[in-house]
């Protein structure tokens, strides 16, 4: 053994052969080299599909007028999305399905007789202010459809609360206006049978009438894995428990939990708005807090607020806390030392 | 169901059926081998031979005095053709010894020795001399793991037979075909560390291996722990949590909870080193993927080129872009050339042909929380990804980015196809660089004052 040290500068480098078989170049990326088959458009389109039963039910109960509102809202949402993306010189991604969801959900929060210009205005506000001004998909703080609905509520307080009876309810005279089950409960103390609520044979917004149709869509989404079960369970569960407490205190004054779950927008909100990925927390604990507090708030507004329905504001209110919840409910890091957590 | 496991993680498609039932074949002797002088974590070896030297199979050709290192050995009989910088499957260029073979091979055999006749220190020295490193892929020198610092007692040795990477079946075949050597190797590792307990962790998707090991274990008191098939079950910390319920604290090592984890292949290497006096010059490599014509489990000499190994499996097939990986698809490293050699840590060569390769574009994060639900370390990858990409290092540290074990679950599940792990690696890299610069500055200040 002579000289063990080697002058590295004098070392000959092996020629690099940047080639696979037959001289073709190999693809190099960082790991993992394997991804699952999910994609954002796939998720969004599945949600659209899950909304079909509820859409079909509303067309059945309210006729073609309902269909017109869906078409208007979806069209206006897509157009607004396109205009903003064009203006911001961003890639046009209106086919990812997210604007369609916003359009459908917004239409579902409107009364069947809502004027077309109002629906367009609401859609423009929902997508423009609710989503694109925040930076587009993934960056909005509030659920765009609910924000659009809240805007319409403030601009057209009468039109957004003028209801008609569904076609399926036989009336002596042509129904001009009717009251929703929640308004009947709140202002007249009348309870609507739960079976009517369940099937949707009541007055109300397009999507808030048929609980069964929404449930079918929601469970389909759950089966597909696009719904975090904690969110609808937490929201509906806390609504049931909290309203149940009052019902037990005074059943004559407060409606039973089943009424609360199936009346108004509770089902629609719990399955399609509370579960909105963008505007719900990302951590386990955050999701529980978000859903449970939201459910309690909805009941509080329904029973003690000035409005008959509290689902919309409860969700919007909780949306505002999502960044805070994400920040303070971080999951426990594997092997975290106790001193840090406490 | 009902098997032990860790929290979160993912269930990727495994594709193990391609090679799971194929017996290990011995690859023919390669004509030339390129043996990198660094095939492990730690200090690189200095060459002990020079151009023109004759070497014999098993002869030590590189070593260094550092504690965290492992010597390298000639894997064939022949002549040193060159010592040059050449491409290493780890993605760097490393000084390597090129040996031209003379076509002869040595027979390695020997009777099983009595473990009680060797002192633990002698065992550790033998493991080091044989150049044994962790064969699951990380290639950490095994002798270092066997020598815990004073005051830290090792209670248990866990053999890692999880093999949670898709495609790979090398460990599976080792356990099914050589269970006796695995168990003997485990006993040797227990003696070297003074551990009283021995465990073998296997995922439930390898029933034949579980059966074979159960037979081999007999009544030795070694416990076989059947674990849920879930990725990354084979990550050291996840395995310890699943098997013993102990969590390795942040920034600590398994030996801080009294455990040493070794791969099953490492145990076999220990067996052969002690009984056959055979250093680590050969290993079992799974060659698989949809871009390989005939997927196989091959026993390959260290230093054989990927090109030659792939040639033994019918070569690369398929249309379009191809990725050739050192390892499996979750943690493997993509190669730019097929001239790279098989090293001690090459558990598999996976070739992925078009259709499976990642898209280049990604969508904005929709906060779906899939990554949070998948991260085995309990991190928030979507945030860490942003912090890494934007070099927001204070936030990155605050969200425990350095705890990331780079398993890739987050990138795998992301529906927006965001390269989260890549960005997290960037964050870790910038933090390392920041620390290096601070250290250099401190040194300079010391020198000038």
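Residue numbers (our numbering), protein chains in the order written: chain A, 1 to 342; chain B, 1 to 449. Positions of the beta carbon are idealized from the N, C-alpha and C atoms, including for glycine. Because the structure is a prediction, the values reported are computed rather than measured.
What does the alpha-carbon distance come out to for the pair residue 188 of chain B and residue 196 of chain B?
Cα-Cα distance, rounded: 12 Å.
Applying a beta-carbon distance threshold of less than 8 Å, which residues of chain A neighbour residue 335 of chain B?
Within chain A, the C-beta atoms nearer than 8 Å to that of residue 335 of chain B come from 26 and 28, in chain order.
Would you mind telling me which residues of chain B sit closer than 7 Å to residue 136 of chain A, beta carbon to beta carbon, in chain order?
Chain B residues near residue 136 of chain A: 364.
If we count the other Cβ atoms within 10 Å of its Cβ and call it buried at 16 or more, is residue 98 of chain A buried or exposed?
So residue 98 of chain A ends up on the buried side.
Whole angstroms are fine: how far does the CA of residue 214 of chain A sit from the CA of residue 4 of chain B?
In a straight line, the C-alpha of residue 4 of chain B is about 38 Å away from that of residue 214 of chain A.
Using a Cβ cut-off of 9 Å, pull out every chain B residue sitting near residue 336 of chain A, in sequence order please.
What residue 336 of chain A touches in chain B, judged by beta-carbon distance under 9 Å, is 247, 249, 250, 378, 400 and 403, going in chain order.
Chain B contact for residue 43 of chain A (CB, 8 Å cutoff)
Look at residue 43 of chain A: its C-beta is under 8 Å from a C-beta on chain B.
Please look up how many angstroms separate the CB atoms of residue 264 of chain B and residue 159 of chain B, rounded, as I've assumed it's under 8 Å.
Contact between residue 264 of chain B and residue 159 of chain B holds: their C-beta atoms lie close to 5 Å from each other, under 8 Å.
List, in order along the chain, the chain A residues whose C-beta lies closer than 8 Å to that of residue 332 of chain B?
Those within 8 Å of residue 332 of chain B in chain A are 31 and 33.
Of the residues A:258, A:243, A:138 and A:307, which one's Cα is nearest the Cα of residue 368 of chain B?
Nearest to residue 368 of chain B by alpha-carbon distance, out of A:258, A:243, A:138 and A:307, is A:138.
Out of curiosity, what's the CA-to-CA distance linking residue 65 of chain B and residue 131 of chain B?
Between the alpha carbons of residue 65 of chain B and residue 131 of chain B lies a gap of roughly 13 Å.
Alpha-carbon to alpha-carbon, residue 116 of chain A and residue 62 of chain A:
Roughly 15 Å between the two C-alpha positions.
Residues in the same chain with beta-carbon distance under 7 Å from residue 308 of chain B, minus the five sequence neighbours each way, listed in chain order, please.
Hits under 7 Å: 30.
How many angstroms separate the CA atom of residue 27 of chain B from the CA atom of residue 270 of chain B?
Near 21 Å, if we compare the C-alpha coordinates of residue 270 of chain B and residue 27 of chain B.
Length of the line joining the Cα atoms of residue 172 of chain A and residue 46 of chain A:
Reliability fails at residue 172 of chain A, whose pLDDT of 43 lies under 50, so the model's placement of it is uncertain and the value that follows must be treated cautiously. If you take the alpha carbons of residue 172 of chain A and residue 46 of chain A, they lie about 42 Å apart.
Taking a Cβ distance cut-off of 7 Å, strictly less, list which residues of the region 295 to 326 of chain B are near chain A, in chain order.
So the list reads 315, 316, 321, 322, 323, 324 and 325, given in the order they occur along the chain.
For residue 291 of chain B, is the classification buried or exposed, using 16 other Cβ atoms within 10 angstroms of its Cβ as the cut-off for buried?
Under this definition residue 291 of chain B is a buried residue.
Residues in its own chain within less than 8 Å of residue 440 of chain B by CB, not counting five upstream and five downstream?
If we look at residue 440 of chain B and ignore the five residues flanking it on each side, it has no Cβ neighbours.
Evaluate contact between the region 300 to 314 of chain A and the region 252 to 266 of chain A, counting only Cβ atoms and requiring at least three cross-stretch pairs below 8 Å.
Contact between the region 300 to 314 of chain A and the region 252 to 266 of chain A is present, because at least three Cβ pairs lie under 8 Å.
Please report whether the beta-carbon of residue 411 of chain B lies at a distance below 8 Å from any beta-carbon of chain A.
At a cut-off of 8 Å between beta-carbon atoms, residue 411 of chain B makes contact with chain A.
Residue 125 of chain A and residue 103 of chain A closer than 8 Å at C-beta
Going by C-beta atoms, residue 125 of chain A is not nearer than 8 Å to residue 103 of chain A.
Out of B:46, B:134 and B:447, which one is the CA nearest neighbour of residue 235 of chain B?
Nearest to residue 235 of chain B by alpha-carbon distance, out of B:46, B:134 and B:447, is B:134.
Could you pull out every unbroken beta strand (DSSP E) segment of at least 3 residues lying fully inside the region 125 to 193 of chain B, listed in chain order?
Counting only unbroken stretches of 3 or more residues, the beta strand (DSSP E) elements lying wholly within the region 125 to 193 of chain B are 156 to 161, in sequence order.
Taking C-beta pairs closer than 9 Å, name the residues in chain A that residue 382 of chain B reaches, listed in chain order.
In chain order: 282.
Report yes if the C-beta distance between residue 213 of chain B and residue 182 of chain B is below 8 Å; otherwise report no.
Yes, these two residues count as a Cβ contact at 8 Å.
Residue interval of the alpha helix (DSSP H) (run including residue 36 of chain B)
Membership of residue 36 of chain B in any alpha helix (DSSP H) is not indicated; the residue belongs instead to the beta strand (DSSP E) covering 32 to 36.
Could you spell out where the beta strand (DSSP E) holding residue 86 of chain B opens and where it closes?
Where residue 86 of chain B is concerned, the enclosing beta strand (DSSP E) stretches over 78 to 87.
Spatial distance of residue 155 of chain B from residue 218 of chain B (CA atoms):
Separation of residue 155 of chain B and residue 218 of chain B (C-alpha to C-alpha, rounded to the nearest whole angstrom) is 21 Å.
Identify the residues that DSSP records as bridge partners of residue 53 of chain A: which are they?
In the DSSP assignment, residue 53 of chain A forms no beta bridge with any residue.
Using the three-state DSSP reduction, which class does residue 54 of chain B fall into: helix, strand or coil?
The three-state reading of DSSP puts residue 54 of chain B in strand, counting E and B together.
Using CA atoms only, rank isn't needed, just tell me which of B:61, B:75, B:438 and B:347 is closest to residue 328 of chain B.
Nearest option by C-alpha distance: B:347.
Residue 363 of chain B, buried or exposed, once every other Cβ within 10 Å from all chains shown has been counted against 16
Under this definition residue 363 of chain B is a buried residue.
Could you check whether residue 60 of chain B and residue 41 of chain B sit closer than 8 Å to each other, using their CB atoms as the reference points?
Cβ atoms of residue 41 of chain B and residue 60 of chain B: not closer than 8 Å.
If I follow the unbroken alpha helix (DSSP H) through residue 103 of chain A, where does it start and stop?
Start and end: 98 to 108.
Flag this pair as yes or no: are the beta carbons of residue 285 of chain B and residue 349 of chain B separated by less than 8 Å?
Taking a C-beta distance under 8 Å as the contact criterion, residue 285 of chain B and residue 349 of chain B qualify as a contact pair.
On the three-state DSSP scale, how would you describe residue 201 of chain A?
Of the three classes helix, strand and coil, the one that applies to residue 201 of chain A here is coil, per DSSP.
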